Each structure stands twice: as C-alpha cells, then as structure tokens.
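Reviewing the structure listed below.
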Amino acid sequence: GTSMGVEPNSFVVVVGGSGTGKSSLLGCITGASPCTSGSVCFDGIDTRGNRNAFDAVLGYVPQKDIMHDELTVEQSLTYTAKLRIARDATRTEIKAAVAHAIEAVDLGGREKTMIANLSGGQKKRVSIAMELLASPRLLILDEPTSGLSPDLDRSMMELCRKLSHENCTVLMVTHNMSNINLCDKIAFLGTGGVLCYYGSPEAMDEYLM
325 GTSMGVEPNS FVVVVGGSGT GKSSLLGCIT GASPCTSGSV CFDGIDTRGN
375 RNAFDAVLGY VPQKDIMHDE LTVEQSLTYT AKLRIARDAT RTEIKAAVAH
425 AIEAVDLGGR EKTMIANLSG GQKKRVSIAM ELLASPRLLI LDEPTSGLSP
475 DLDRSMMELC RKLSHENCTV LMVTHNMSNI NLCDKIAFLG TGGVLCYYGS
525 PEAMDEYLM
C-alpha cells in the first residue's frame, strides 16, 4: 500500500512503471475512483466527508489536454475564468485573473495565439493556467511531460517547481525519470502500488545504488 505525507508548498513527483498504481492513487486523491480502504486527508481532515471543500482547493491537469483549438489562449482562459472564479467577479477582475494565469505559466506574448497553433508543451501550460484561475492549494498533474522533448521536459519541471513556491503544492505523476532532481521529494511505487521509496532526489540516488 501507499502511505505518505506531502508538505505544503512542495513539489512531489510520483514515479513507477505500468501497473504500479499511479492511476489508482490519482483516482483516490481526485475522487474519480474512491478508496476502497485507507483515506486521503488534507490539512488533517478526511476528504471523504468533505469532498466539496477539498475539490474547491484542488486543481487537476489530465494527461490529455481539453480545450478548443479555434480559440486564442486569452479567449480560452476567459471562458474558463467565468466558470471557475466568483460569479460576481467583474470583467476587470476576470481580465486580471487571466493575465496573471498567463504570466504564471510563462506564456506572455501568446495571448492572441490560437490554441491550434501552440506546441504540445504550450498547450500543457494553458491547461495548467486554466486550473490556476481557481487558485488551487494542491495542483495534480498526470504525465505532463509525456511526448515533450528533453528541453521542454526540463522547462515543464522548472515551471512546476516555481508554482510550488507560490502557495500551491504540486503533485506530479510520471514515468519519466529525467530532470526529476528538480522536485523536492520522489515517491517511487513498485509492483502492486507498494511505496518503495519516499524522500529527496539526492537520497534516492543512494537508494538505487
């Protein structure tokens, strides 16, 4: 089984091969597939009895980006903002929130670019920006570096590290071990979802030797 605690404002990466329970772990946290045993706690409170409150502070970026190719980055985020932030938010407040989200994911200058014309890495950043509009305290990303070149992979890891330092705990699930030294802690899952290692990247090097 898996038992681990994630510190606030940290960047944690969950790694493991196929069939090690990475998707099941995500499902338990996001509520997509509730736990059959054990529990998921946030701020010491079991999320099962407080699902709505937990969902309000949870951001989830799936592996497959969900957005309309015919919209610009700014349009896509504006539509999302109208759904994700306070209903009584003014047009000025929405515009400011969108601008802040774009800046947070380093997409400044791409506001008028069509989603269809973005690279895979840029689309992933838009997906992250969509979640940031709701100011989550926990951001979960499922394989965000999948299909990215080594340079873009590192850039994505650096972005996640930056976000974790801005009052947003980041939990990433991946099978890619490159650039993993940029996170604060690694959770290495083995067969059957057994937590084989949970600690710093530096100490993991010694563990694997």
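Using my numbering, you'd call the opening residue of the sequence shown number 325 and step up by one each time.
Think of the CB as a built atom: it goes at the ideal place given N, C-alpha and C, for glycine as much as any other residue.
On a predicted model such as this, the values are computed, not experimentally measured, just so you know.
According to DSSP, which residues form a beta bridge with residue i?
| i | result |
| --- | --- |
| Tyr522 | Ala511 |
| Thr498 | Val339 |
| Ile369 | Phe366 |
Could you tell me the alpha carbon to alpha carbon distance between residue i and residue j, rounded to whole angstroms?
| i | j | result |
| --- | --- | --- |
| His489 | Phe335 | 8 Å |
| Lys448 | Asp389 | 7 Å |
| Leu327 | Cys520 | Note on identity: in this sequence residue 327 is Ser, with Leu being the wrong assignment. Cα to Cα, Ser327 sits roughly 10 Å from Cys520. |
| Gly343 | Thr498 | 13 Å |
| Leu395 | Arg434 | 12 Å |
| Asn441 | Thr414 | 30 Å |
| Ile478 | Ser502 | The question names Ile, but residue 478 is Arg in the sequence shown. The alpha-carbon atoms of Arg478 and Ser502 are separated by roughly 8 Å. |
| Thr416 | Gly517 | 47 Å |
| Thr354 | Gly514 | 21 Å |
| Arg372 | Pro468 | 27 Å |
| Lys346 | Asp412 | 38 Å |
| Leu483 | Ser361 | 34 Å |
| Leu350 | Asp466 | 8 Å |
| Leu506 | Arg485 | 7 Å |
| Val330 | His424 | 26 Å |
Suppose the cutoff is 6 Å on Cβ atoms and the five residues either side in sequence are ignored; what does the same chain contact list for residue i look like?
| i | result |
| --- | --- |
| Leu495 | Val336, Ile464 |
| Tyr522 | Met328, Ala511 |
| Gly471 | Gly444 |
| Ile452 | Val385, Val429 |
Pick out whichever of the options has its Cα sitting closest to the Cα of residue i.
| i | options | result |
| --- | --- | --- |
| Phe366 | Ile504, Thr360, Pro358, Arg375 | Arg375 |
| Met481 | Asp466, Asn491, Ile504 | Ile504 |
| Asp393 | Val450, Asp475, Tyr522, Lys346 | Val450 |
| Gly341 | Asn500, Glu455, Glu530 | Asn500 |
| Ser400 | Asp412, Thr437, Asp379, Glu467 | Thr437 |
| Thr402 | Ile369, Lys486, Glu455 | Glu455 |
| Ser473 | Thr493, Gln446, Ile439, Asp466 | Gln446 |
| Leu476 | Ile452, Cys507, Ser443 | Ser443 |
| Phe378 | Gly368, Gln387, Val385, Pro386 | Gly368 |
| Ala356 | Val330, Val339, Pro386, Ser470 | Pro386 |
Suppose the cutoff is 7 Å on Cβ atoms and the five residues either side in sequence are ignored; what does the same chain contact list for residue i look like?
| i | result |
| --- | --- |
| Cys359 | Cys352 |
| Ala458 | Gly383, Arg408, Ile409 |
| Ala405 | Ile418, Ala421, Val422, Leu457 |
Here's a check: name, in chain order, each residue in its chain whose Cβ is nearer than 8 Å to the Cβ of residue i, leaving out the five neighbours to either side.
| i | result |
| --- | --- |
| Asn491 | Asn333, Arg461 |
| Gly432 | Ile426 |
| Asp370 | Ser363, Val364 |
Check: Counting only runs that start and end within the region 376-460, where is the beta strand (DSSP E) found for 3 or more residues in a row?
Finding: Every beta strand (DSSP E) stretch that sits fully inside the region 376-460 and reaches 3 residues is listed by chain position as 382-385.
Notebook entry, point to check: Whole alpha helix (DSSP H) runs in the region 461-492 with 4 or more residues, listed along the chain?
Noted result: Whole alpha helix (DSSP H) segments, 4+ residues: 474-488.
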